[in-house]
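In order, the protein sequence lines correspond to chains Y and D.
Under the numbering used here, the first residue of the first sequence carries the number 1, and numbering increases by one thereafter.
Under the numbering used here, the first residue of the second sequence carries the number 1001, and numbering increases by one thereafter.
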Amino acid sequence: MSNATTPRLNRRRLLGFSAASISTVALAACGGRPEGSRPSTAATSAPAEPQVVEKVVTVEKIKEVPVEKVVTVDKIKEIPVEVEKRVEVVKTPQTLTLYSGRSEKLVSPILKAFEKSTGIDIRVKYAKSAALAATLMEEGDRSPADVFYAQDPGALGSVESLLDKLPEGLTSRVPAWAQNPNGLWVGITGRARTVVYNTEKHKEADLPDDMWGFTEPSWKGRIGWAPTNSSFQTMVTAMRVLWGEAKAEEWLRGIQANEPIVYPKNTPQVAAAGAGEIDVGFVNHYYLHRALAEKGDSFPARNYHVRSGGAGALIMVSGAGILKTARNPETSAKLLTYLLSDSTQKNFASTTYEYPLVPGVAEHKGVTPLAAIKHPSVSLADLADIKGSQDLLRKVGALA
Amino acid sequence: MPLTTSLERGRAPLAVSVPAIAVTLVLLAPIAYLVIRAAGSADSLIPFLWRPRIGAVALRTFALVVSVTVSATILGTAIAWLLTRTNLPWRRAWILLTAIPLVIPSFVYALVITTALSPRGLVQKMLEPALGITELPSIYGFPGAFISLTLLTYPYVLLPTRAALTNLDPAMEEASRTLGRGTLKTFTSITLPALRPATAAGALLVALYTLSDFGAVSLLRWETFTYAIFNQYEAAFDRALAAALSLVLAITAIGLVGIEGWTRGRGRYHSIGPGSPQIGLTHNLKHWRWPATGMIAIISFATTIGPMAVLSYWIVQGAMAGESFGDLGEPLLNSLTTALLAAAALTAVAFPLALFIVRYPGKLSAMIERTTYIGFALPGITVAIALVFLGVHILYPIYQTLLLLIIAYTVLFLPTTLGSIRSGILQLNPRIEEAARTLGKTRLQVLLKITIPLVRGSMFAGAAMAFLLTMKELPATLVLGPMDFRTLATVTWAATSESFFASAAASSLMLIVVTAVPLALILSRGPHRSGPQVTHQTS
């Protein structure tokens, strides 16, 4: 072996390498072949610590060997080999622990793309946002988590005391309404409350200007809703904040009087609107786009974002924050930066049909632009009182 | 009075009592956590609990628990009798089909029920062209919760009752019949009392399952204590009130266990003579044969065939729409590994406990036995969060490892494995062990050569039960599992939460089929026969 240059390479690794290169030679007898050493990724269950990884890149070339000479293993040792090794010191932490209250189905392709582009290994725990919030509260400063990505601001709000202030470069990416006022968490994607309607029975222009229109007796038996759905309850919270308790109760009673058809969640309402079982349903906007993608544009239902705005046109966000106890604050910030990058925001828009929150990134084709929705300027922090909304829904008999 | 022998009267050897007490301490950890957490908000607690709404929740819970327990007990006992004592046709098929609900996660079952039976669901769509039915009556609220929980839980009564019926010495029933009592009279005066311990133990599990179920009551919207506890976590993010409500649930559970202990009475359930395994009486159903078959067919359709058809329909529909099902190999492997480990751990823990409870009865063993039921009665999320607390503060080295997850499964499912092994030991005449001892064998030799071989069958059944329950467990697996840990249950949940029905159907169908295999194995072995265990009761 000649000309082996091994700067800053420790002896152990060198020994390991010379052994490895022998086997490489046999394979590469027909020509040069680059071989990269993969940093060991063992012990993934140990807490991630910033580590310095030496990335060794070797290129081996076999000198002047006629192929027919390579017959036995003994002969291989005699083959003159030129080895070139460079050591690149990579100083980034290699892992990141994420608690995700957002579904694996939606998030995991995006996380895989992040892993691929940065080389950072993300370890994820998926569960309901609330269960993860409770877990974080119990874990306190011993939490293995770096980042908490939640489905709704409520879960983030409950663990605010555990969250660290985000770098300004991150919070400046999204509008002020879509983040925590103290910069503890930032919205990642937006979901609009909307009215899905059957296009064979109604034209958008004929639909009421605001949510009060649906309390008119003419809507009796034509409305669908899902009082147990948390997004619906958040809309009721917005009504309580914007209109006051009494008005919100009056609206709920008005809808109740119209004998709405109760659904367990959003998806069946969209299907029911398409099937003409209901004329309108109070839902989140993206379920329609999933149905359209599945059933084609002829699916006879569309979203109507109430013209006069208000609680019926509320935009809710999913959001993420970095824990004070994060072992990898820098990579954590990298992940959030990635989630808020133009390309990822675009990716979210086209795979989940949610609203990108970064200004300038376009919605998915067919989704009503955010700018065209008169969404209320209610602080997301004020929407934390879901309990109060549930109590109100019980009071009017919409919840058991 | 129990027949006490010199061995039973003695104190338990340390080899038995020390592990038993150690296990009990772990089982009490959730309670300790709940007390600590609830005490943190003692001020707001009393006004919270002292509200009419909590009264309403208590009433709803009570109504559901009582009605489900009664109906599941009747259904389970009736099916057990039909399967063991009558000339019902196709018994082998029914034996497996009627046990399948055990392996269906309640959140999957409730999802299927709600989509199929909602006012304008799949069933209505099928009925409309033929019968012109435009809307089905609402299944939400009490009827839906009651029916689905009854159908999901009756196997908890069916399996032990069927085992007891098979092992019951038919001589007594024969004697009763020869003395002129009819089938019904014989059943109520001879068979039922002898079945009491097995049936009551099953009924207790039904009651506790109903108490702790979230999947069915949430989708079918009947607000019980467990629903209210979840709401505290999910809507109010209030761990303290969730803990307080969980404590109420735990106390209720201990009360229910007390009732079961009282029904068990002081009978002795092993035979005195050697006995001889015989085939029990076969009652000719005559003209009741087809109505009975029809009833079992309807139940099997509602619990097994129907849901599997709906799941298959979703798979086909999704496949046609080009939905990807994802890779199920890794989740399957993880599910199988954890379920096998949990089955081994639960059996290893339950055996010394069962030995302690049966052979050394007393205040301590009664206390220990009651403790084992707490985890089963608490909602999975409560146990999971309690073990997060335990893991973070005491067992940090094993936090978020498979080991802590297995401990969680042990806390959650111990009573089912324990119950099976306990009944095995109960049926084992202590005189056999005593005889071995007098012949000079050591305690260990007796244990290895006599006790374990003779209760092997019930240990196997207990392990299988642990396997089934672990396969479908969700909340603790999500919270306590290692990072990136996916099982069939978590994959199913991830798909249902975003309404990807085809993926959810693919993984849950795989879960049901894979879990049905060990179930079929235990069922085909028949209720364990291990030596002289023909039983009858003498009070």
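All C-beta atoms in this analysis are idealised placements derived from N, C-alpha and C, irrespective of residue type, glycine included.
Because the structure is a prediction, the values reported are computed rather than measured.
Looking at the C-beta of residue i, does it have a partner C-beta in chain Y at a distance below 8 Å?
i	result
TYR1313/D	no
PRO1274/D	Residue placement at PRO1274/D is poorly supported in this model, since its pLDDT is 45, which falls under 50; the coordinates are not used for a value here.
PHE1389/D	yes
PRO1030/D	no
ASP1484/D	yes
ILE1385/D	yes
VAL1026/D	no
VAL1392/D	yes
TYR1396/D	yes
Please check if any C-beta of chain D sits within less than 8 Å of the C-beta of residue i.
i	result
PRO153/Y	no
GLN390/Y	yes
LYS125/Y	yes
ASP382/Y	no
THR337/Y	no
GLU49/Y	Note that GLU49/Y scores 45 on pLDDT, short of 50, meaning its location in the model is unreliable; the coordinates nonetheless yield the value given after this. Not one chain D Cβ lies under 8 Å of GLU49/Y.
GLU168/Y	no
GLU115/Y	no
GLU354/Y	no
Mind pulling the chain B residues with CB within less than 7 Å of residue i?
i	result
THR1114/D	In the structure shown, chain B does not exist; the protein chains are Y and D.
Quick one: which chain D residues come within Cβ less than 7 Å of residue i?
i	result
LEU106/Y	GLU1498
THR331/Y	Per Cβ cutoff of 7 Å: no residues; THR331/Y is ~15 Å from chain D at best.
SER103/Y	ALA1494, SER1497 and GLU1498
Give me the chain Y residues within the contact set of residue i, using Cβ-Cβ distance strictly less than 9 Å, ordered along the chain.
i	result
VAL1108/D	Result: empty, since nearest Cβ-Cβ is about 14 Å, beyond 9 Å.
PRO1475/D	ALA127, LYS128 and ALA131
TYR1233/D	LYS128, ALA130, ALA131, ALA133 and ALA134
Measure the CB-CB distance between residue i and residue j and report whether it falls below 8 Å.
i	j	result
TYR126/Y	ALA1494/D	yes
ALA311/Y	ASN198/Y	no
LYS165/Y	GLY140/Y	no
ALA1099/D	LEU1523/D	yes
LEU1249/D	PHE1225/D	yes
LEU1082/D	ILE1095/D	no
MET1510/D	LEU1332/D	yes
LEU983/D	LEU1405/D	This structure cannot speak to residue 983/D, because chain D is shown only from 1001 to 1539.
THR1199/D	THR1077/D	yes
LEU393/Y	VAL174/Y	no
LEU1428/D	LEU1447/D	no
ALA1408/D	VAL1392/D	no
ILE1139/D	LEU1219/D	no
ALA1244/D	LEU1049/D	yes
THR215/Y	HIS305/Y	no
SER231/Y	MET316/Y	yes
TYR1233/D	ALA134/Y	yes
ALA1242/D	ILE1229/D	yes
ALA1020/D	PHE1356/D	yes
List the residues of chain Y that residue i touches, going by C-beta distances under 8 Å, in chain order.
i	result
ALA1236/D	ILE386 and LYS387
ILE1133/D	Within 8 Å Cβ-Cβ: nothing; ILE1133/D doesn't reach chain Y, min ~14 Å.
Counting only Cβ pairs nearer than 7 Å, list the residues of chain Y close to residue i.
i	result
ILE1381/D	ALA131
VAL1479/D	ALA127, ALA131 and THR135
TYR1409/D	By Cβ distance, chain Y contributes nothing, its closest Cβ being about 17 Å from TYR1409/D, past 7 Å.
In chain D, which residues lie less than 8 Å from residue i when you measure between Cβ atoms?
i	result
SER158/Y	PHE1237
At a CB-CB cut-off below 9 Å, which residues of chain D make contact with residue i?
i	result
PRO144/Y	TYR1399, GLN1400 and MET1483
THR97/Y	MET1483
GLU200/Y	What GLU200/Y touches in chain D: nothing, since even the nearest Cβ is about 17 Å away.
>> By the 9 Å beta-carbon criterion, what residues does the stretch 241-265 of chain Y contribute toward chain D?
In response: In summary, the residues of the stretch 241-265 of chain Y whose CB is separated from some CB of chain D by less than 9 Å are ILE261, VAL262, TYR263, PRO264 and LYS265, in the order they occur in the chain.
> Curious, which full-length alpha helix (DSSP H) runs of at least 4 residues does the stretch 119-176 of chain Y contain?
Replying inline: List check, alpha helix (DSSP H) in window: 129-139, 153-158 and 168-171.
> At which residue ranges does the stretch 306-333 of chain Y contain complete beta strand (DSSP E) runs of 3 or more residues, listed in the order of the chain?
Replying inline: Listed in chain order, they are 315-322.
> If you measure beta-carbon to beta-carbon, which residues of the stretch 1142-1169 of chain D are closer than 8 Å to chain Y?
Replying inline: Among the residues of the stretch 1142-1169 of chain D, none has a Cβ less than 8 Å away from any Cβ of chain Y.
> Taking a cut of 9 Å between CB atoms, which residues from the stretch 1207-1225 of chain D lie near chain Y?
Replying inline: Under the 9 Å Cβ criterion, the stretch 1207-1225 of chain D contributes SER1218, LEU1219, LEU1220, ARG1221, TRP1222 and GLU1223.
>> To test your reading of the DSSP string, which unbroken alpha helix (DSSP H) runs of 4 or more residues are found completely within the stretch 1130-1187 of chain D?
In response: Entirely contained in the stretch 1130-1187 of chain D, the alpha helix (DSSP H) runs reaching 4 residues are, in chain order, 1142-1167, 1170-1178 and 1183-1186.
> Which of the residues in the stretch 1302-1336 of chain D, read from start to end, lie with their CB under 7 Å from any CB of chain Y?
Replying inline: The residues in question are ALA1321.
>> Ignoring anything shorter than 4 residues, give me the alpha helix (DSSP H) runs that lie fully in the stretch 1030-1090 of chain D, in order along the chain.
In response: As far as the stretch 1030-1090 of chain D is concerned, its whole alpha helix (DSSP H) runs of at least 4 residues are 1042-1049 and 1052-1085.
> What are the residues of the stretch 216-234 of chain Y that lie near chain D, defined by any Cβ-Cβ distance shorter than 8 Å?
Replying inline: Of all residues in the stretch 216-234 of chain Y, THR228, SER230 and GLN233 have a Cβ within less than 8 Å of some Cβ in chain D.
>> At 4 residues or longer, what runs of the alpha helix (DSSP H) sit wholly inside the stretch 1193-1267 of chain D?
In response: Whole alpha helix (DSSP H) segments, 4+ residues: 1215-1219, 1225-1234 and 1239-1264.
> Between the stretch 1040-1069 of chain D and chain Y, which residues of the former have a C-beta closer than 7 Å to a C-beta of the latter?
Replying inline: Result list empty, no residue passes.
> Relative to chain Y, which residues along the stretch 1240-1264 of chain D have a C-beta separation below 7 Å, given in chain order?
Replying inline: Residues are counted here when their Cβ sits less than 7 Å from a Cβ of chain Y; for the stretch 1240-1264 of chain D the count is zero.
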